[in-house]
């Protein structure tokens with residue numbers, strides 16, 4: 082299955098992946114190992130209301146879920162005319178930004194542990 086990762090905080094990237102910056106959001110990084118057509122692609126974002134870059138990253142994830150980036154990210158990588166795999170978007174609110182003064186009501190220490198795993 083193709084692996085695609087959106088990382089708001091510049092997290093770990095696979096050594097076999099290619100990376101590029103997302104236009105309009107210097108903090109978001111796109112890593113992709115192109116192998117379209119293998120099935121759905123799981124995309125996870127670890128976010129927080131206390132992180133100043135999270136709103137832009139969440140907007141990007143929303144657009145990805147709607148299919149706005151279909152041609153650029155999941156497009157015809159095999160040259161066979163098929164569109165790529167559908168993206169399943171998950172957003173988890175972490176709690177480690179709560180110390181900055183705004184407690185994210187959706188934040189959970191379970192999501193922080195999941196991100197670090």
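Numbering (this note's numbering), first residue to last: 82 to 198. Glycine included, C-beta positions come from ideal geometry on N, C-alpha and C.
Residue of the options minimising C-alpha distance to residue i
{"i": "residue 198", "options": "122, 120, 127", "result": "127"}
{"i": "residue 175", "options": "167, 168, 190", "result": "190"}
{"i": "residue 125", "options": "172, 193, 194", "result": "172"}
Per-residue DSSP class, three states only, for residue i
{"i": "residue 138", "result": "helix"}
{"i": "residue 128", "result": "strand"}
Own chain, CB closer than 7 Å to residue i, minus 5 neighbours either side, in chain order
{"i": "residue 107", "result": "In this predicted model, residue 107 has a pLDDT of only 43, less than 50, meaning its place in the structure is not dependable enough to derive any value."}
{"i": "residue 131", "result": "178, 179, 181, 183, 185"}
{"i": "residue 188", "result": "129, 174, 175, 176, 179"}
{"i": "residue 192", "result": "127, 173, 174, 175"}
Interface flag, residue i vs chain D, CB-CB below 8 Å
{"i": "residue 137", "result": "Given the protein chain composition of this structure (a single chain), no chain D is represented."}
8 Å contact criterion, which residue i and residue j should meet: CB distance rounded
{"i": "residue 170", "j": "residue 142", "result": "5 Å"}
Own chain residues within Cβ distance below 6 Å of residue i, not counting five before or after
{"i": "residue 167", "result": "121"}
{"i": "residue 123", "result": "169"}
- Task: At 3 residues or longer, and completely inside the segment 168 to 195: list those beta strand (DSSP E) runs for me, N to C.
- Result: 168 to 174
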